[in-house]
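So the protein lines, in turn, are chains A and B.
Position one of the first sequence corresponds to residue 938 (this note's numbering), numbered consecutively onward.
Position one of the second sequence corresponds to residue 9 (this note's numbering), numbered consecutively onward.
Structure record follows, encoded as structure tokens.
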Amino acid sequence: MLTVKDLHKSYRVGKTTYEVLKGVSLEVADGAFVAVMGPSGSGKTTLLNCISCYIPADSGQITLGDRQLSDLSGDDLAQVRNRQLGFVFQDFLLLDGLTVRENILLPAIIGGAVSGQTEARADQLCDVFGISAIAGKYPAEISGGEKQRTAVARALINHPLLILADEPTGNLDSKSSRAVIRSFEQARSALDATIFMVTHDSFAASFCDQVVILRDGVVWQVLERGGAERSAFQDRLLDVIRDMGKE
Amino acid sequence: MSQFSQVCHALRRKNWRQYALLSGCSFFSVLLITAYVCMMRSPTILSVLPEGGDSRKQVMMVFVLAVVGCAVFTTYAAGLFFRQRSRETGVFLALGATRRQLRAELGKELTALSLVSCAAGALLGGPLAWGVWQLFRLFLVDSQEMALSFDPQSYLLSLAFAVYVAAMLFFLGSRSIRRTNIIDVVQESHRSEPVRAVRSWYGPAGIALLAAGGVLGYFFPSFCIRTLHWYPPAVLEGLCYLPALAGLYMILLHTVVNGWRKGHAYKDIISASMMKFQGRQTVRNMLVMTLLIAGGYFASFYAPMLRTSSVYSFETRPIDYEYHWRDDQSLPGRDEVEALAAEHGVTLTSWAQEGAALLGTDGYASIEQDNGALGTTYTKEYRELLTGATFFSEGAWNALTGQRVDLAPGTCANVLDDEGGSDYLAGGDITLVTNTVTGKALSVTPVEPLRFTMLLGSYVLDDADYAAMTTGLTDLWRETYVFFNVADADGSYPFAKALFNEIVDRSGPEVEVFNAWNPVERDIEIAEAGSYRYDSRAYLAEHGLSIIDYDDRDSSEFRTAWLYMPQFRVLDRNDFVTTMAVYLLLFVFIALICFAAVIVISFTRCMTIALTNARVYDDLRRLGASNAYLFRSVRGQVSKVFLAPSLAGTALIAAFYVMIMYFNDNRFTSGELAGMGVCAAVVGVLSAVLFLVYRLTLRSVCRTLNINRG
């Protein structure tokens, strides 16, 4: 599904260059729910932004399905973002001038493919994520959790190969966080979605099949949940994070 | 909603305030510039502002200022618009919109926006100028000269500005979607633009640079001309003011970033930090406002200054009526004047009539050499016969002026104004006088100048010398001067008007000339080149010099430039406003445009503070800030937007004006002092208007932010 090979990315601030990603490589299998964790500054969000092609990488390869993203033109990249990727941002990035339903439909509208089927899917997504009652409301009129569930529904409208989520629970209370994670699980089980999520939240990460831990711009550890209970996996995650702090 | 254009339409509806702000700013800029251009290029105005003259240069200077101001202001509004829209653009890009898609929508939007706002501004600019001018005519003053007509070509300049606005909108719009880093696009609206650390010496150094630039800019041309014998190119003269502009920028930077008050570091922390992090835009806006305020004051000082100093000069004339003629003309003498006076119920209380002579004088000619882009250099060359001037015998002088002058034989006195000034207009010392008819010459020694404004620039000789030098002069070289008073000078306007008309009617075409026409220079030029430039109307028109026409006897050009223009106090005083109406009201119009621009810019700037910082104020409220605290913070910002440019602009123009007045002839005349007093009153009134706008703006910002003063 997604393969990242030897990815490098640095930023220049004034005369100083900060190397954020120092050769990250990883793989995400079809239908997997993968989290990326790590301390602040470890390169999590930069990795996600490079995979999304929001920011250009310095070197390395990103392959989505059978397409190498670095080879694509601007229009082709836009098409990949629109058709094959779905995004969930920490601060939702819903458009205030559109209703919940219109926000959900936005990727389809941008792609020029709104049919009766698409509208039915939007209604289905509203139903799945429990936001049908607020479909006609504007973002300013709904709660943070509802906004994030709207963002998840929007990410799924075009049947993407992969959902990329950046700290999707970062701005939410615990109840809303659970609802969002539940929506990811529903997306995976009901809609066969593959999810790649950056998070600080070990609770959210404990729902994943695999957790990639970044440290100083490289993959430090990859933890597989296997058949473990969620709470046991969360404990394991916390132990690893604690150990990382000791080193 | 199934199409991208419908989404954009919905978002436009939601964000109508942003669109309205940008459209309003573009419309207003084009409107102001069009109105200004229509007025500046109007044949009505051009016919009274001599080409190359100071008034036309000043109008052009303020126009450039207004164009720069409106351009910066519109660019600021556009920058703000695209910053606020960047989140939407980022979301569209993130969700897979192509840049082509966005460009197409943006193109449609900007085409409609720039077409509507620029076209409306350009279309309404002319009617606005016309309407304001008609209001002036209706309520202030009207004259034949004030009939306004527009030159259709002026719309080309307006079109050029509108094209700039549209091109700038498209450039910034296209730049906003061209960026490759989508995250940067999304976060653009949250990005602040901090000004780099500003050292504490910026303020004082700025003041020093400002003063140095002002002095350098003002004195550089006269230094070049007098000392280096070089007329520098106008561009170089303008460049000399650049240190002043840099100084002004530093002062405003220091004001915004550091502030001038020491202590209470935390008192204004919110407003100071907000201002600081809107850095460049804030300072740039303030700089534009400062220059526009200075330009507005400069224009608004014109009318009171001219009116006060002119009225002062009329009132201080010791004689009610003065007129003179060349002796080959048949003008009314005492009997006819008394008869005309009797017709109008006016009684003459004194009469003095004396002869004068037009004699040649020596001096230094400037031989100019054009050096192309490097300007013009000149060398001084002594000529025994350089130009001509009016000469009086000491007897005639004493009879006319009532003074008791007794000059030694072989001496000659130049005449300055009543206060011993205006030497730059007076001709200066001479050492050789020539009778151009007989060729007889007399060496003279210059003595202490005499004072009499009404005869400024003439010379006085000892009686015997005068008699000897004027022997053999024909009537073409002789003049007669008449001074008389009447019993009720203030009530004698109809008589004055009738006598003026009589004088003009009886003057022949050979004296239908402007005041730089000189019979001695004419003879010299004809001898050297076969013709005299100032005899050619085509030459005068081409060089923007005054063309005298007896049919236009009430025009400002005729009244200020006819060589034989009488000096009737009551006529000059009563007709002053109508004669100078076009000048006076043009500058009032310019001042109106500048202050209108200042008000709109400052209001927009303050409202954007409210719009962009609404969240900060909500956060402060959540942190427990009281209404009083929030109000103080808003007032701190709004007052800075108004106060700093107002103070800087007013101080700048006051210093510049005082400098101009003083260094004209190294003193303040009584008329100038009176004029400056009136200008100070104008500053008071306009400052009160700006204060009122400040209060209304503050109220409006507080209302937008839900801050209750109480």
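Note that beta-carbon positions come from the ideal geometry of N, C-alpha and C, so glycine has one too.
Only a predicted model underlies this, so the values are computations on that prediction, with no experimental measurement involved.
In the stretch 1063 to 1118 of chain A, which residue ranges form an unbroken beta strand (DSSP E) of at least 3 residues, counting only runs that do not cross its ends? The qualifying runs are 1099 to 1103.
For Ala360(B), which of Thr369(B), Cys614(B), Gly410(B) has the nearest alpha-carbon? Within the second sequence, the letter at position 352 stands for residue 360(B). Nearest in C-alpha terms to Ala360(B), of all of Thr369(B), Cys614(B), Gly410(B), is Gly410(B).
Euclidean distance between Cα positions of Ala4(B) and Asp470(B): In this structure chain B extends from 9 to 718, so residue 4(B) is not present and cannot be described.
For Ala1185(A), the nearest candidate out of Asp1129(A), Ile1094(A), Ile1100(A), Ala1088(A) (CA to CA): Nothing can be reported for residue 1185(A): it is not among the residues displayed for chain A, which extend from 938 to 1184.
I want to see whether chain A comes within less than 9 Å of Ala18(B), judged by CB atoms only; does it? Within the second sequence, residue 18(B) is the residue found at index 10, counting from 1. Residue contact check for Ala18(B) against chain A: a CB pair falls below 9 Å.
Does the Cβ of Trp268(B) have 16 or more other Cβ atoms within 10 Å, making it buried, or fewer, making it exposed? Taking the second sequence and counting its residues from 1, the one referred to as residue 268(B) is at position 260. It is exposed - the Cβ of Trp268(B) has fewer than 16 other Cβ atoms within 10 Å.
Spell out a yes or no on whether the stretch 305 to 320 of chain B and the stretch 550 to 567 of chain B are touching, meaning 3 or more CB-CB pairs, one atom from each, closer than 8 Å. A contact is defined here as three or more CB-CB pairs under 8 Å, and the stretch 305 to 320 of chain B fails this definition with respect to the stretch 550 to 567 of chain B.
Residues of chain B with a CB under 9 Å from the CB of Arg1086(A): which are they? Translated into positions along the first sequence, residue 1086(A) becomes position 149. Neighbours of Arg1086(A) across chain B, judged by C-beta separation under 9 Å, do not exist; the nearest C-beta is about 17 Å away.
Using 9 Å as the limit for Cβ to Cβ distance, is Glu1039(A) near chain B? For the purposes of this step, residue 1039(A) is taken as residue 102 along the first sequence, with counting starting at 1. It does; some Cβ of chain B falls within 9 Å.
Among the residues of its own chain, which have a CB less than 8 Å from the CB of Phe12(B), if the five just before and after it don't count? Your numbering for residue 12(B) matches position 4 in the second sequence. Only Ala105, Gln109, Glu113 meet the Cβ criterion.
Counting only Cβ-Cβ distances shorter than 9 Å, please list the residues of the stretch 89 to 105 of chain B near chain A, keeping chain order. Correct list: Arg95, Glu96, Gly98, Val99, Phe100, Leu101, Ala102, Leu103, Gly104, Ala105.
Between Arg949(A) and chain B, is any beta-carbon pair separated by less than 9 Å? Position 12 of the first sequence, counted from the start, is the residue given in the question as residue 949(A). Output row for Arg949(A): interface = no.
Inter-residue spacing [alpha-carbon to alpha-carbon] between Gly1053(A) and Trp138(B): In the first sequence, the residue the question calls residue 1053(A) occupies position 116. In the second sequence, the residue the question calls residue 138(B) occupies position 130. The alpha-carbon atoms of Gly1053(A) and Trp138(B) are separated by roughly 58 Å.
Within the continuous beta strand (DSSP E) that includes Met1134(A), where are the two ends? What you label residue 1134(A) is simply residue 197 of the first sequence in a count that begins at 1. Taken as a continuous stretch (DSSP letters only), the beta strand (DSSP E) holding Met1134(A) covers 1132 to 1135.
Could you check the C-alpha separation between Leu8(B) and Asn714(B) for me, to the nearest Å? Residue 8(B) lies beyond the range of chain B shown here (9 to 718); nothing can be said about it.
Residues of its chain near Val455(B), where Cβ-Cβ distance is below 8 Å and the 5 sequence neighbours each way are ignored: What you label residue 455(B) is simply residue 447 of the second sequence in a count that begins at 1. Here the set comprises Leu415, Ala416, Thr419, Cys420, Ala421.
Spatial neighbours of Val452(B) within its chain, please: C-beta separation below 8 Å, excluding the five flanking residues on both sides. Mapped onto the second sequence, residue 452(B) falls at position 444. Closer than 8 Å at the Cβ level, and outside the excluded window around Val452(B), lie Gly418, Thr419, Cys420, Ile438, Thr439, Leu440, Val441, Leu469, Asp473.
I want to know whether the stretch 584 to 597 of chain B touches the stretch 668 to 676 of chain B - three or more CB-CB distances under 8 Å. Between the stretch 584 to 597 of chain B and the stretch 668 to 676 of chain B, the count of Cβ pairs shorter than 8 Å is below three; the stretches do not touch.
Using a cut-off of 7 Å between C-beta atoms, extract the partners of Met68(B) located in chain A. Within the second sequence, residue 68(B) is the residue found at index 60, counting from 1. Listed along the chain, the chain A residues whose CB falls inside 7 Å of the CB of Met68(B) amount to none; the nearest CB is some 43 Å away.
What does the alpha-carbon distance come out to for the pair Leu944(A) and Ser182(B)? In the first sequence, the residue the question calls residue 944(A) occupies position 7. In the second sequence, the residue the question calls residue 182(B) occupies position 174. Each residue's CA atom was taken as its position, placing Leu944(A) and Ser182(B) some 31 Å apart.
May I have a chain-ordered list of the alpha helix (DSSP H) segments no shorter than 4 residues that lie completely inside the stretch 296 to 354 of chain B? If you keep only unbroken alpha helix (DSSP H) runs of at least 4 residues inside the stretch 296 to 354 of chain B, you get 342 to 351.
Residues that DSSP places opposite Asn493(B) in a beta bridge: Counting from 1 along the second sequence, the entry for residue 493(B) is found at position 485. According to DSSP, Asn493(B) bridges with Ser358(B).
What is the C-beta distance between Val56(B) and Tyr591(B), in whole angstroms, given that I count them as a contact (C-beta under 8 Å)? On the second sequence, residue 56(B) is found 48 positions in, with the first residue counted as 1. On the second sequence, residue 591(B) is found 583 positions in, with the first residue counted as 1. Taking a contact as a CB-CB distance under 8 Å, the pair Val56(B) and Tyr591(B) counts as one, their CB atoms being some 7 Å apart.
Give, in chain order, every residue of the stretch 1048 to 1064 of chain A whose Cβ lies closer than 8 Å to some Cβ of chain B. Within the stretch 1048 to 1064 of chain A, the qualifying residues are Gly1048, Gly1049, Val1051.
List, in order along the chain, the chain A residues whose C-beta lies closer than 7 Å to that of Cys191(B)? Within the second sequence, numbered from 1, the residue matching residue 191(B) stands at position 183. It should be noted that the sequence gives Ile, not Cys, for residue 191(B). Asn986, Tyr991, Ile992, listed in chain order.
What three-state label does DSSP hand Met974(A) in the structure shown? The residue labelled residue 974(A) in the question sits at position 37 within the first sequence. Correct three-state label for Met974(A): strand.
Contact defined as beta carbons within less than 8 Å: I believe Ser157(B) pairs with Phe35(B). What is the distance between those atoms, to the nearest angstrom? Mapped onto the second sequence, residue 157(B) falls at position 149. Mapped onto the second sequence, residue 35(B) falls at position 27. About 25 Å; that fails the 8 Å criterion.
Beta-carbon within less than 6 Å of Ile190(B)'s beta-carbon, same chain only, minus the 5 sequence neighbours each way: which residues are those? If you number the second sequence from 1, residue 190(B) lands on position 182. Only Gly98, Leu101, Ala102 meet the Cβ criterion.
Any Cβ of chain B within less than 9 Å of the Cβ of Pro1044(A)? Indexing the first sequence from 1 puts residue 1044(A) at position 107. For Pro1044(A), the answer is yes, since a Cβ of chain B falls inside 9 Å of its Cβ.
Taking 9 Å as the CB-CB limit, is Gln11(B) close to chain E? Included in the structure are the protein chains A and B, with no chain E among them.
Three-way DSSP call (helix, strand, coil) for Pro417(B) in this model: Working through the second sequence from its first residue, we reach residue 417(B) at position 409. Three-state DSSP puts Pro417(B) in coil, outside helix and strand.
Any idea what DSSP makes of Asp1004(A), helix, strand or coil? Working through the first sequence from its first residue, we reach residue 1004(A) at position 67. Per the sequence presented here, residue 1004(A) reads as Arg, with Asp not at that position. If DSSP states are grouped into helix, strand and coil, Arg1004(A) belongs with the strands.
Suppose you measure from the CA of Val1051(A) to the CA of Leu143(B); what does that come to, to the nearest Å? The residue labelled residue 1051(A) in the question sits at position 114 within the first sequence. The residue labelled residue 143(B) in the question sits at position 135 within the second sequence. Put simply, the backbone Cα of Val1051(A) is about 58 Å away from that of Leu143(B).
Rounded to the nearest angstrom, how far is the Cβ of Leu1099(A) from that of Met938(A), given a contact under 8 Å? As a working note, residue 1099(A) is residue 162 in the first sequence. As a working note, residue 938(A) is residue 1 in the first sequence. Confirmed, Cβ separation roughly 6 Å.
What residues from the stretch 16 to 41 of chain B come within 9 Å of chain A, judged by C-beta to C-beta, listed N to C? Cβ proximity to chain A below 9 Å picks out Ala18, Leu19, Arg20, Arg21, Lys22, Asn23 from the stretch 16 to 41 of chain B.
Mapping the DSSP letters down to three states, classify Tyr572(B) as helix, strand or coil. Within the second sequence, residue 572(B) is the residue found at index 564, counting from 1. In the three-state reduction of the DSSP assignment, Tyr572(B) falls in the coil class.
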